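Colleague:
There are 2 protein chains.
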Amino acid sequence: MGRNGTKRLLLVEDDRALAELVKYHFAREGFTVTSTGVGDEALILIDEVQPDLVILDWMIEGVSGIEVCRRLRRSPATASLPIMMLTARGEEDDRVRGLETGADDFITKPFSPKELIARANALLRRSRPNLLAKKLNYEGIEMDLVAHRVRREGKPVALGPTEYRLLRHFLENPQRVFSRQQLLESVWPHSEEIELRTVDVHVRRLRIALSKDQQFDLIRTVRSEGYSLDADGAA
Amino acid sequence: MGRNGTKRLLLVEDDRALAELVKYHFAREGFTVTSTGVGDEALILIDEVQPDLVILDWMIEGVSGIEVCRRLRRSPATASLPIMMLTARGEEDDRVRGLETGADDFITKPFSPKELIARANALLRRSRPNLLAKKLNYEGIEMDLVAHRVRREGKPVALGPTEYRLLRHFLENPQRVFSRQQLLESVWPHSEEIELRTVDVHVRRLRIALSKDQQFDLIRTVRSEGYSLDADGAA
DNA sequence: AGCAACTGTCACAAAAGTGAAACAGTTTTG
DNA sequence: CAAAACTGTTTCACTTTTGTGACAGTTGCT
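Going line by line, the protein sequences match chains A and B. In case it helps, the numbering used here puts the first sequence at residues 852 to 1086. In case it helps, the numbering used here puts the second sequence at residues 852 to 1086.
#1: For Leu996/B, count neighbouring C-beta atoms within 10 Å of its own C-beta (all shown protein chains included) and say buried if the count is 16 or more, exposed if not.
#2: Using DSSP bridges, identify the partner residues of Thr929/B.
#3: DSSP state of Leu862/A, grouped into three classes?
#4: Would a C-beta distance cut-off of 8 Å place Asp908/B and Leu861/B closer than the cut-off?
#5: Give the DSSP bridge partners of Glu912/B, in chain order.
#6: Assuming contact is defined by CB atoms lying nearer than 8 Å, are Leu1061/A and Arg1003/A in contact in what I supplied?
#7: Residues of the stretch 983-998 of chain B with a CB closer than 7 Å to any CB of chain A: list them in chain order, please.
#8: Could you spell out the range, first to last residue, of the beta strand (DSSP E) harbouring Leu937/A?
#9: Counting contacts by CB-CB distance shorter than 8 Å, is Arg1074/A in contact with chain B?
#10: Using 8 Å as the threshold, is the stretch 1032-1052 of chain A in touch with the stretch 971-986 of chain B, meaning 3 or more CB pairs across them?
#11: Buried or exposed: where does Val863/A fall if 16 or more other Cβ atoms within 10 Å of its Cβ makes it buried?
#12: Closer than 8 Å, Cβ to Cβ, to anything on chain B: give me those residues from the stretch 904-923 of chain A, in chain order.
#13: Let me know if Ala870/A comes out buried or exposed under the rule of 16 or more other beta-carbons within 10 Å of its beta-carbon.
#14: Suppose you measure from the CA of Gly853/A to the CA of Pro1025/B; what does that come to, to the nearest Å?
#15: Cβ atoms of Thr952/B and Gly941/B: under 8 Å apart, would you say?
#16: So which of Gln1066/A, Ser1042/A, Val1028/A has the shortest CA-CA distance to Thr1072/A?
#17: Let me check one thing: in DSSP terms, what residues is Phe1029/B bridge-paired to?
#18: At least one CB of chain B closer than 8 Å to the CB of Ala954/A: is that the case?
#19: Quick one: measure Cβ to Cβ for Gly949/B and Phe962/B, integer angstroms, because I've assumed they're closer than 8 Å.
#20: Under DSSP, the beta strand (DSSP E) around Arg947/B begins and ends at which residues?
#21: Counting only beta-carbon separations shorter than 8 Å, does Leu861/A have a partner in chain B?
#22: Closest to Lys965/B by CA distance: which of Ser1030/B, Val873/B, Ile911/B is it?
#23: What residues from chain B crowd round Arg977/A, counting only those whose CB sits closer than 9 Å?
#24: Return the CA-CA distance between Asp898/B and Leu923/B, expressed in angstroms with no decimal places.
#25: What residues in its chain sit with their C-beta under 8 Å from that of Ala1086/B, if we drop five residues either side in the sequence?
#26: Alpha carbon to alpha carbon, how far is Asp891/A from Gln1065/A?
#27: What are the boundary residues of the beta strand (DSSP E) that includes Lys1006/B?
#28: Are the CB atoms of Leu987/A and Arg1016/A nearer to each other than 8 Å?
#29: Which residues of the stretch 940-954 of chain A have a Cβ closer than 9 Å to any Cβ of chain B? Give them in chain order.
#30: Could you check which residue in Asp955/A, Leu967/A, Arg921/A has the C-alpha nearest to that of Glu943/B?
#31: Measure the alpha-carbon distance for Asp1083/B versus Leu1069/B and round it to whole angstroms.
#32: Which same chain residues end up closer than 7 Å to Ala998/B when comparing Cβ atoms and leaving out the 5 residues on each side of it in sequence?
#33: Does Lys1063/B pass the burial test, meaning 16 or more other C-beta atoms within 10 Å, or should it be called exposed?
#34: Do Ala878/A and Val884/A have their C-beta atoms within less than 8 Å of each other?
#35: Taking 8 Å as the CB-CB cut-off, is Gly881/B touching chain A?
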């Protein structure tokens, strides 16, 4: 996401005037803004433009903003996409509900564009490290996302593309157990047609690559569940 | 940070009544709360308690909240620590300034405790995903449902799938007695065809796994009734 | 084209987990 | 106290799940 230096924003807002205002301010901040006023369209656009940030109005045509949010969180591909919700509904319960559904921030209209931008920046500052920026590490493993290079205890580790993506996924969610199905969905580009057991094979390749120098295995097999990246493997 | 399952909050607020209120609500969410009303002290405490989240009032004695925030961001050790700022100053410029200084969220008094919690959770969800993992505890046993891992007194416990489900069921209903029949029905996938006595065997395996280090038995046998997870086995 | 790296599947081996049966031990009852 | 009723333990055959090595088809590069 967010290649060649441009930050991409998807704005989902059906009030044209407001949309223009927001657009203007974000454009000035260097964002490429795509916008729509319809919920269903938002879901398609997200797939298309791969935004770095989504701003969602609650009340829009078609699928509601909160429902869009829920769906984005449910799909592995967008589960960690930064989302800000926007609404005229000022009720506390709405705000809590929005946040609990997975929104990262919740702004009530009317709001100041400056604050919106400041909040967007705060959010990106926080979530970028995981998506865009430099390094991930866990227990002696260091993955440099820019250089596309992995080291363990300082020593370089050679990984194929799939193993790299797999490890990256684990590093982004250490200790968490993923089923083979989940791994396929979040690590493989076209997960549909692929055999579940293929995951095993790649996990094995990853294990071998990570343990080249007789280091202990960091990938834990959770029988009948899946795998996780975990320091104390067996226990 | 945030080891052994407890989430730690450092609250920096000099309004005693407000501090108590916030404390109360976060404690209910499972946080261990440390608090102070003095800026300088905050910096020391952060080093000491290694909180997972800091809530900073802007106007406090000594070093101001915003200055604390700035310093935290400057030091590598705390640069990515989640920070929420709190203030009575409702000015837009203040909010923007707070966010630009590195705060992750900015809440204006008066605020609702529920929203504060919801925002804290949203922030932690993004920055410390492990902390939000759902956990079950009882008498020194801790089951992390996301990592799919069980510990007793901090030490990892190895369980097979059935024992895991069995323990989970007990942890969800501690102290309650279940008949073998009930256990079969709620823990086994296809309970029909299975012998009642099979439960005994698995209970035994669970007991062994949980008592590996000579710890006392937490599963109580209730003669002619069934079993329960219960601290005082005799009773 | 020629080669090397990478992928996805299989088939088979190995490991882990499961359920039942049999017997030993305990507790409750008559 | 002895019989009856239960529960604890051990063992074993069987099933399910994973680990492994080999292989053939792709892809990307030179």
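The beta-carbon is built from N, C-alpha and C at its ideal position, and this holds for glycine as well. Note that this is a predicted model, so its numbers are computed, not measured.
Modeller: Concretely, from the data shown:
#1: Counting Cβ neighbours within 10 Å, Leu996/B comes out exposed, since fewer than 16 surround it.
#2: According to DSSP, Thr929/B bridges with nothing at all.
#3: strand
#4: no
#5: Val889/B
#6: yes
#7: Val997, Ala998
#8: Segment 934-938, the beta strand (DSSP E) holding Leu937/A.
#9: yes
#10: no
#11: buried
#12: none
#13: buried
#14: Its pLDDT being 44, under 50, Gly853/A is placed unreliably by the model, and nothing is read from it.
#15: no
#16: Val1028/A
#17: Tyr1078/B
#18: yes
#19: At roughly 14 Å, the Cβ-Cβ gap does not stay under 8 Å, so Gly949/B and Phe962/B are not in contact.
#20: Checking the sequence, you will find Val at residue 947/B rather than Arg. Element bounds for Val947/B: not the beta strand (DSSP E) but the alpha helix (DSSP H), 943-952.
#21: no
#22: Val873/B
#23: At a C-beta separation below 9 Å, Arg977/A has these neighbours in chain B: Ser931, Pro933, Asp955, Leu974, Arg977, Ser978.
#24: 10 Å
#25: Because Ala1086/B carries a pLDDT of 45, less than 50, the predicted location of this residue cannot be relied on, and the following value inherits that uncertainty. Same-chain partners within the cutoff: Arg1071.
#26: 51 Å
#27: 1006-1008
#28: no
#29: Glu943, Asp944, Arg946, Val947, Arg948, Gly949, Leu950, Glu951, Gly953, Ala954
#30: Leu967/A
#31: In this structure, the CA atom of Asp1083/B is about 7 Å from the CA atom of Leu1069/B.
#32: Ala984
#33: exposed
#34: yes
#35: no
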